[in-house]
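Worksheet: the structure to be examined is printed underneath.
2 protein chains.
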Amino acid sequence: YVEYIFCLPGSLHLNVFIFVKYNGQTDTGQYPTLGDSPYGSLWPLPQKVKISTVVFKLSGASFHIFDAKESSSGASCRLLQNAYRRYDEYIFTSSRKQGQNKSKKALASDMSELQVWITSADSECDSYPSVTSDESCEFTGMVFVFFHFSHLCHVNSLLHSTRRPHPCLNTSRMITEVNYLTAMAWNKFNVFHWHIVDDPSFPYLSRTFPQLSQHGAYHPYTHVYTPSDVKMIIEFARLRGIRVVPEFDTPGHTQSWGKGQKDLLTPCYSGASPSGSFGPVNPMLNTTYDFMSMFFKEVNTVFPDAYVHLGGDEVDFSCWKSNPDIQKFMEQQGFGMDYSKLESFYIQRLLDIITTTNKGYMIWQEVFDNGVKLKSDTVVHVWMGNKVEEELQKVTEAGFTTILSAPWYLDYISYGQDWQKFYRAEPLSFKGTDAQKKLVIGGEACLWGEYVDATNLTPRLWPRASAVGERLWSDRDVRDLNDAYSRLAKHRCRMVQRGIPAEPLFTGYCAHE
Amino acid sequence: YVEYIFCLPGSLHLNVFIFVKYNGQTDTGQYPTLGDSPYGSLWPLPQKVKISTVVFKLSGASFHIFDAKESSSGASCRLLQNAYRRYDEYIFTSSRKQGQNKSKKALASDMSELQVWITSADSECDSYPSVTSDESCEFTGMVFVFFHFSHLCHVNSLLHSTRRPHPCLNTSRMITEVNYLTAMAWNKFNVFHWHIVDDPSFPYLSRTFPQLSQHGAYHPYTHVYTPSDVKMIIEFARLRGIRVVPEFDTPGHTQSWGKGQKDLLTPCYSGASPSGSFGPVNPMLNTTYDFMSMFFKEVNTVFPDAYVHLGGDEVDFSCWKSNPDIQKFMEQQGFGMDYSKLESFYIQRLLDIITTTNKGYMIWQEVFDNGVKLKSDTVVHVWMGNKVEEELQKVTEAGFTTILSAPWYLDYISYGQDWQKFYRAEPLSFKGTDAQKKLVIGGEACLWGEYVDATNLTPRLWPRASAVGERLWSDRDVRDLNDAYSRLAKHRCRMVQRGIPAEPLFTGYCAHE
Numbered sequence: 001y002v003e004y005i006f007c008l009p010g011s012l013h014l015n016v017f018i019f020v021k022y023n024g025q026t027d028t029g030q031y032p033t034l035g036d037s038p039y040g041s042l043w044p045l046p047q048k049v050k051i052s053t054v055v056f057k058l059s060g061a062s063f064h065i066f067d068a069k070e071s072s073s074g075a076s077c078r079l080l081q082n083a084y085r086r087y088d089e090y091i092f093t094s095s096r097k098q099g100q101n102k103s104k105k106a107l108a109s110d111m112s113e114l115q116v117w118i119t120s121a122d123s124e125c126d127s128y129p130s131v132t133s134d135e136s137c138e139f140t141g142m143v144f145v146f147f148h149f150s151h152l153c154h155v156n157s158l159l160h161s162t163r164r165p166h167p168c169l170n171t172s173r174m175i176t177e178v179n180y181l182t183a184m185a186w187n188k189f190n191v192f193h194w195h196i197v198d199d200p201s202f203p204y205l206s207r208t209f210p211q212l213s214q215h216g217a218y219h220p221y222t223h224v225y226t227p228s229d230v231k232m233i234i235e236f237a238r239l240r241g242i243r244v245v246p247e248f249d250t251p252g253h254t255q256s257w258g259k260g261q262k263d264l265l266t267p268c269y270s271g272a273s274p275s276g277s278f279g280p281v282n283p284m285l286n287t288t289y290d291f292m293s294m295f296f297k298e299v300n301t302v303f304p305d306a307y308v309h310l311g312g313d314e315v316d317f318s319c320w321k322s323n324p325d326i327q328k329f330m331e332q333q334g335f336g337m338d339y340s341k342l343e344s345f346y347i348q349r350l351l352d353i354i355t356t357t358n359k360g361y362m363i364w365q366e367v368f369d370n371g372v373k374l375k376s377d378t379v380v381h382v383w384m385g386n387k388v389e390e391e392l393q394k395v396t397e398a399g400f401t402t403i404l405s406a407p408w409y410l411d412y413i414s415y416g417q418d419w420q421k422f423y424r425a426e427p428l429s430f431k432g433t434d435a436q437k438k439l440v441i442g443g444e445a446c447l448w449g450e451y452v453d454a455t456n457l458t459p460r461l462w463p464r465a466s467a468v469g470e471r472l473w474s475d476r477d478v479r480d481l482n483d484a485y486s487r488l489a490k491h492r493c494r495m496v497q498r499g500i501p502a503e504p505l506f507t508g509y510c511a512h513e
Numbered sequence: 001y002v003e004y005i006f007c008l009p010g011s012l013h014l015n016v017f018i019f020v021k022y023n024g025q026t027d028t029g030q031y032p033t034l035g036d037s038p039y040g041s042l043w044p045l046p047q048k049v050k051i052s053t054v055v056f057k058l059s060g061a062s063f064h065i066f067d068a069k070e071s072s073s074g075a076s077c078r079l080l081q082n083a084y085r086r087y088d089e090y091i092f093t094s095s096r097k098q099g100q101n102k103s104k105k106a107l108a109s110d111m112s113e114l115q116v117w118i119t120s121a122d123s124e125c126d127s128y129p130s131v132t133s134d135e136s137c138e139f140t141g142m143v144f145v146f147f148h149f150s151h152l153c154h155v156n157s158l159l160h161s162t163r164r165p166h167p168c169l170n171t172s173r174m175i176t177e178v179n180y181l182t183a184m185a186w187n188k189f190n191v192f193h194w195h196i197v198d199d200p201s202f203p204y205l206s207r208t209f210p211q212l213s214q215h216g217a218y219h220p221y222t223h224v225y226t227p228s229d230v231k232m233i234i235e236f237a238r239l240r241g242i243r244v245v246p247e248f249d250t251p252g253h254t255q256s257w258g259k260g261q262k263d264l265l266t267p268c269y270s271g272a273s274p275s276g277s278f279g280p281v282n283p284m285l286n287t288t289y290d291f292m293s294m295f296f297k298e299v300n301t302v303f304p305d306a307y308v309h310l311g312g313d314e315v316d317f318s319c320w321k322s323n324p325d326i327q328k329f330m331e332q333q334g335f336g337m338d339y340s341k342l343e344s345f346y347i348q349r350l351l352d353i354i355t356t357t358n359k360g361y362m363i364w365q366e367v368f369d370n371g372v373k374l375k376s377d378t379v380v381h382v383w384m385g386n387k388v389e390e391e392l393q394k395v396t397e398a399g400f401t402t403i404l405s406a407p408w409y410l411d412y413i414s415y416g417q418d419w420q421k422f423y424r425a426e427p428l429s430f431k432g433t434d435a436q437k438k439l440v441i442g443g444e445a446c447l448w449g450e451y452v453d454a455t456n457l458t459p460r461l462w463p464r465a466s467a468v469g470e471r472l473w474s475d476r477d478v479r480d481l482n483d484a485y486s487r488l489a490k491h492r493c494r495m496v497q498r499g500i501p502a503e504p505l506f507t508g509y510c511a512h513e
């Protein structure tokens, strides 16, 4: 990020007096004092940074970002040119509005240019970001700054997810997704885990099975993601170095699927007759697997990422147990009364289908816990809040890569500065070899959508997710709460100034207001 | 409210499937099922209501609200005309936009008019709402609806408050206050308890002491309430039947006062010398009382309401204890080591000053608890979360009126449907005579601003505060959670449709989206 070069040593001191009206509830955290960090507003903190005591001015009239002569990628790289333009706007829009630079000439101490030097042979300008993309970058030099990066230089091994399938994509709501991805890039989140369907709604408009959203979405044309909506989101993300990993969660969390796809879900019984309600996907019918095969064939073409998230969490067995046909099937298969075997039976067949599409897959931890046979490149998603370290130990012992989201459920809100709780979590504290630790390829901040929509998503997400961003991107030893507080307060003001209404950490105000 | 007449019996059924991703935290409440309430979207529920099975259409082309011939108030009453216009806009704007009524003629079953009949001799058209205003109203008749009301017909014995002195009032922020009062009216909140200054900032621009905001506000001209800002807010509130009760909290919570007013605060000591920091208002100096006398004289003229809130909460004694002059003063006054006596000494003199201005006063419960001698018309504000019932019992036993806010601290957020917690609270469950119960003149929902600003205020406030609104406005027996959930979900959608981003109660969507 360009602005990272300009960490002015602190001169502005804010005095914040702490008051807490206590009426019998406890606050979740300490109150760090708001001093000035030597790192200014840098967030998240890079692995290495050295602050110069010399302050360089940055003038919109004279400053330019351009491609270094030696760079392997240049003017033809739309992705880079887009990024230059974006950051030029971020940095200079407000000062240009105020007309600050119109009359000024460049001074000798001005920072006049930023040269971008791509050193890798493949600049990945026209491809999608992937898990193997080299995202390391470096700023060096003084007035002439060279920096090396692979594609976009906002790097994180993070997934970001929301449970509520954003219910609609008319113009105003599209803004929600766009804001979301924009702020993700600022906070170095590089994977958008798009939990696009769930029990309440099926907003994904499938070309193969249009009846799914026709009957399963909140509304069949105002509350759906059309193929072109999906394309736009993927492209908007790509330009910011963000992968889009869709999740189509089965066999549970599929109530909305059943509305448009007859016989896909298991009929629940009340005594000897069907109750009229439905349970998880029906694992005993061949039609189920025919459907899944066709459905995921489409998913494979629509979503370019090498991975798809297949879910597999929270399967409720009660409906299966009530159904006499399922009982008979259990008997035939020799599963006894162990319904997790039936679940695994389903998942196993689903995984076999996906394998034929050449997609890699992620699954929620239950699938691993139940002993389903997984491809060696499977990513196991650890989300349960209990026994997190044991689970990480087991998963990595078995040789699987893993993504951790258990400590970062942002939908769990509480009074006070709970960003500190997310910030303190340490993903590598489990017992294991260095090789095992390396299998933890990232973390994910989740904001499930039961209590969230466009009215409250953004301030609930930011800057709380920013705390997760630094935990996962910066050095493990970056843990000073006071320093973090100072930087994060400024970072959140920067987000507000750029149009993302991130909520305040505490009292105080933003200098730009 | 005009729209209350039109409670269409339910025909729209939403199916909501409940899913909760459980990762080790507990949810705060049950999940009510979303059926349809026989009362449609009525919120809060009136004391009496009868739903007609006949549905009347309301056509923007033909419907008019006007003054009944017999009404004691009519076309010259700006307050009423304003309310008619407002509700006409609320009800018909969206349908007119869609051009629904342009081509349609009035049908026989149309509701064609609403006659407003003010029966009280004094319509209070040009005065401010007061605690004695008769706010009862009634809708009767069928096609011709007469309704009686005193002034605005949105009545509640509620105060509404926010701790963070809204730090700024530039155009964009003024919208915050305006939105706040607008939604208050919809939810029958009739008092805006304006906690206008506190430790972090003194945004109130005083004509008498302009240096207070000059030095004590976050910013001396962008983050202040000018006299005309205050006037506009009071008038905007008046048109909606909302009283504005300002709070100038002393002797604690006054850090920001000290920046512009020399010698007002007590210098704290570190050993034998001043530490440079300051504590509560200095109670031993006559200059303190001279200042307060002049300051509250101004407050008296700026704020027309008959009451002012004087605070008196959470006084920290440590600074007083450290100061040798205060120690000497304590000795002279014979207070021993009991610093609450010093606090009461201050408050007592302050109350005497206010009494001369003819304002009534409210105080936080500590002032009562410390045995300060109070005027008989004092309103004691019960806010502490522990021993609420005992406190209410004591306060009313002593004959004072009281406002309860302890169960309704909306700044305490938690995961899940916490509106239910606010909804379940019962303010009159304490032991006491009927006469004592009558002294509980209202309740207050508080949203202290430590973690709130314009980015997240509105969705955090609504519809959680709406739950408090119904608890305090509707009959005590109105407690059915399923019925409330159904109505509140619709009520929140109505707020969103009218431009107030109230957050969702749970999954689902709004019909207007």
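Chains H and Z supply the protein sequences, listed in that same order. Each residue of the first sequence is one higher than the last, beginning at 1 in UniProt numbering. Each residue of the second sequence is one higher than the last, beginning at 1 in UniProt numbering. Positions of the beta carbon are idealized from the N, C-alpha and C atoms, including for glycine.
- Residues of the same chain with a CB within less than 7 angstroms of the CB of Z/P283, apart from the 5 flanking positions on each side, are P251, L342, F345, Y346 in chain order.
- Taking 3 residues as the minimum length, the beta strand (DSSP E) runs contained wholly in the segment 407-466 of chain Z are 440-447, in order along the chain.
- Taking 8 angstroms as the threshold, the shortest C-beta distance from Z/D411 to chain H falls below it.
- The beta carbon of H/T402 lies closer than 8 angstroms to those of V379, V380, H381, V382, L392, V395, T396, L439, V440, I441 in the same chain, with the five residues before and after it left out.
- The Cβ-Cβ distance between Z/A511 and Z/C493 falls below 8 angstroms.
- For the pair of segments examined, the segment 323-334 of chain H was found to touch the segment 259-269 of chain H: the number of CB pairs separated by less than 8 angstroms reaches three.
- Your pair Z/G260 and Z/H215 checks out as a contact, with CB atoms roughly 4 angstroms apart and the cut at 8 angstroms.
- Cβ atoms of H/S37 and H/H491 stay farther apart than 8 angstroms, at about 10 angstroms.
- With respect to the C-alpha of Z/H309, the residue from Z/F329, Z/K359, Z/P274, Z/W257 having the closest C-alpha is Z/K359.
- Against chain Z, the beta carbon of H/D453 has neighbours under 7 angstroms at P504, listed in chain order.
- Between H/M330 and H/V245 the beta-carbon gap is near 33 angstroms, outside 8 angstroms, which marks them as no contact.
- Shown here, H/P210 sits in coil according to DSSP, grouped into three states, outside any helix or strand.
- Z/F506 carries a coil assignment under DSSP once its states are collapsed to helix, strand and coil.
- With a cutoff of 8 angstroms on beta-carbon distance, Z/Y423 and Z/E470 are scored as near each other.
- The Cβ atoms of Z/H193 and Z/E450 do not sit closer than 8 angstroms to each other.
- The C-beta distance from H/P203 to H/A217 rounds to 5 angstroms, short enough to fall under 8 angstroms.
- The segment 68-84 of chain Z makes contact with the segment 116-128 of chain Z, as at least three CB pairs between them are under 8 angstroms.
- Counting only residues of its own chain and dropping the five nearest sequence neighbours on each side, Z/R476 has a CB closer than 8 angstroms to the CB of E426, L428.
- Annotation: Cβ neighbours of Z/G508 in chain H (cutoff 8 angstroms, chain order): P200, Y218.
- Closer than 8 angstroms to the CB of Z/S73 there is not a single CB belonging to chain H.
- In this structure, H/L410 sits away from H/L374, with a CB-CB distance that is not shorter than 8 angstroms.
- For Z/D352, the closest alpha carbon among the candidates Z/K387, Z/Q333, Z/D290 is that of Z/D290.
- Beta-bridge annotation (DSSP): H/H491 is not paired with any residue.
- Here DSSP, grouped into helix, strand and coil, assigns H/I233 to helix.
- Counting other Cβ atoms within 10 Å of its Cβ, Z/S130 stays below 16 and is therefore classed as exposed.
- Secondary structure note for Z/S293: its alpha helix (DSSP H) is the uninterrupted segment 286-302.
- In the three-state DSSP reduction, Z/H195 falls in the strand class (E or B).
- Taking a beta-carbon distance threshold of 8 angstroms, H/H512 does not count as an interface residue toward chain Z.
- Straight-line measurement puts the Cα of Z/L205 at about 57 angstroms from the Cα of H/E314.
- At a beta-carbon threshold of 7 angstroms, none of the residues of chain H lie near Z/N179; the nearest stands roughly 12 angstroms away.
- Spanning the alpha carbons of Z/S277 and Z/G258 requires a straight line of approximately 10 angstroms.
- In the DSSP annotation of this structure, the continuous segment of the beta strand (DSSP E) that includes Z/W364 starts and ends at 360-364.
- Where H/W117 is concerned, the enclosing beta strand (DSSP E) starts and stops at 113-117.
- By the beta-carbon neighbour count (other beta carbons within 10 angstroms, threshold 16), H/P504 is buried.
- Counting only runs of 4+ residues, the alpha helix (DSSP H) found wholly inside the segment 224-275 of chain Z occupies 227-238, 255-258, in chain order.
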